[in-house]
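Note sheet for the following structure.
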Amino acid sequence: MKTKKLNNTIAELKDYRERNGLTYQELADRMNQDPSYNMDPSRLRLWIVGESHPLDTSLKQVELFLRREYTNDITNYFSKDVKYIDSRLVAQWAGKTHRHLMRDIRKHVDDLKKAQEQLKDRGAQTWADPQSAGKYGILDPDLYFIESSFIDPQNKTKYPSFLVSRLGCEMIANKMTGVKGTQFTALYINEFHRLRNETEAIPAPQEAPKIEQESLFDHEPQAPQTQEERDLEYLKRRLLNDVLESTTVLELGKNIVKTLELITVLDK
Numbered sequence: 093m094k095t096k097k098l099n100n101t102i103a104e105l106k107d108y109r110e111r112n113g114l115t116y117q118e119l120a121d122r123m124n125q126d127p128s129y130n131m132d133p134s135r136l137r138l139w140i141v142g143e144s145h146p147l148d149t150s151l152k153q154v155e156l157f158l159r160r161e162y163t164n165d166i167t168n169y170f171s172k173d174v175k176y177i178d179s180r181l182v183a184q185w186a187g188k189t190h191r192h193l194m195r196d197i198r199k200h201v202d203d204l205k206k207a208q209e210q211l212k213d214r215g216a217q218t219w220a221d222p223q224s225a226g227k228y229g230i231l232d233p234d235l236y237f238i239e240s241s242f243i244d245p246q247n248k249t250k251y252p253s254f255l256v257s258r259l260g261c262e263m264i265a266n267k268m269t270g271v272k273g274t275q276f277t278a279l280y281i282n283e284f285h286r287l288r289n290e291t292e293a294i295p296a297p298q299e300a301p302k303i304e305q306e307s308l309f310d311h312e313p314q315a316p317q318t319q320e321e322r323d324l325e326y327l328k329r330r331l332l333n334d335v336l337e338s339t340t341v342l343e344l345g346k347n348i349v350k351t352l353e354l355i356t357v358l359d360k
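Numbering (our numbering), first residue to last: 93 to 360.
Following this line, the structure appears as structure tokens:
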């Protein structure tokens, strides 16, 4: 039988199976943990070897499965204990109404999704596994913003909101300039330090190395103990990241100026 060319989604499923060393039965069992799924191992094999093509409904299920799996893997790669801040608090710090911040966050999410689609159109590997989490893997919106909601205590109405990670705050801060942007950056840095300190104050059932959400470098120094040391470590990472990501001398200069403004605020 002539094999069919695999589309991108089934090619990713094949890669996922091989990378995790799964049999077709084990792959089906893992997918069927979602009660809405009914994946048959023999049918999965036919898809992956290219002897048949899944229906659109089945293809959508495969896409959702891969999204969940890779989101979990990539999130675990960046952090063992990711912290989030309510978007209502972020809006106050940014000097915006919550409605306007929600609009901005949705724009960020849409842009991240469009970037993923563009990579798919070019045949690039959109989902990076934890061993090679590069610029494609960090395009997942869930690393930055998680959809949520809250109940207004006065009218008992549910309204949409977002949970914002430290990376999400950095994305928001990147669009802000001057004193306003510097103040927002200082506020969210302090809040994430506070959240981290609260976690460290609770004895863990077993000791395990912690990976910071923003740890994108191979070498991990010992976690700073004082507020000043934590701020210094963050600033060093931010400055190094500015150097690595700048594509022009002008852009490098602007990034360094932003970091210098932040140093002034944190030094007070």
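From the three backbone atoms N, C-alpha and C, an ideal C-beta is built for every residue, glycine too.
Can you say whether residue i is buried or exposed, counting buried as having 16 or more other CB atoms within 10 angstroms of its CB?
i, result
"Ile363", "As shown, the chain starts at 93 and ends at 360. That puts residue 363 outside it, with no answer to give."
"Pro233", "buried"
"Arg258", "buried"
"Val271", "exposed"
"Thr277", "buried"
"Ser253", "buried"
"Ile243", "exposed"
"Thr189", "exposed"
Could you check what DSSP says for residue i in three-state terms: helix, strand or coil?
i, result
"Leu231", "helix"
"Asp178", "strand"
"Gly273", "helix"
"Tyr129", "coil"
"His145", "coil"
"Met268", "coil"
"Gln246", "coil"
"Asn124", "coil"
"Leu98", "coil"
"Gly187", "coil"
"Leu36", "Past the boundaries of the shown model lies residue 36; the chain is included only from 93 to 360, so the question cannot be answered."
Suppose you measure from the CA of residue i to the CA of residue j; what does that come to, to the nearest Å?
i, j, result
"Arg135", "Ile281", "49 Å"
"Ile230", "Arg159", "13 Å"
"Leu114", "Thr149", "23 Å"
"Leu105", "Asn130", "16 Å"
"Ser179", "Glu283", "13 Å"
"Leu287", "Ile177", "9 Å"
"Ile102", "Gln246", "49 Å"
"Glu299", "Glu143", "Interpretation of Glu299 is limited by its pLDDT of 45, a score under 50 that renders its predicted location unreliable; no figure is taken from the coordinates."
Using the DSSP secondary-structure output, state which residues sit across from residue i in a beta bridge.
i, result
"Ser253", "Ser240"
If you measure between the beta carbons of residue i and residue j, is that distance less than 8 Å?
i, j, result
"Ala186", "Met268", "yes"
"Ser241", "Lys250", "yes"
"His192", "Phe237", "no"
"Tyr116", "Arg137", "yes"
"Pro133", "Trp139", "no"
"Tyr256", "Val154", "The question names Tyr, but residue 256 is Val in the sequence shown. It is not a contact, given that the beta carbons lie outside the stated cut-off."
Using a Cβ-Cβ cut-off of 8 Å, state whether residue i counts as contacting chain D.
i, result
"Phe276", "Chain labels in this structure do not include chain D; a single protein chain is all it has."
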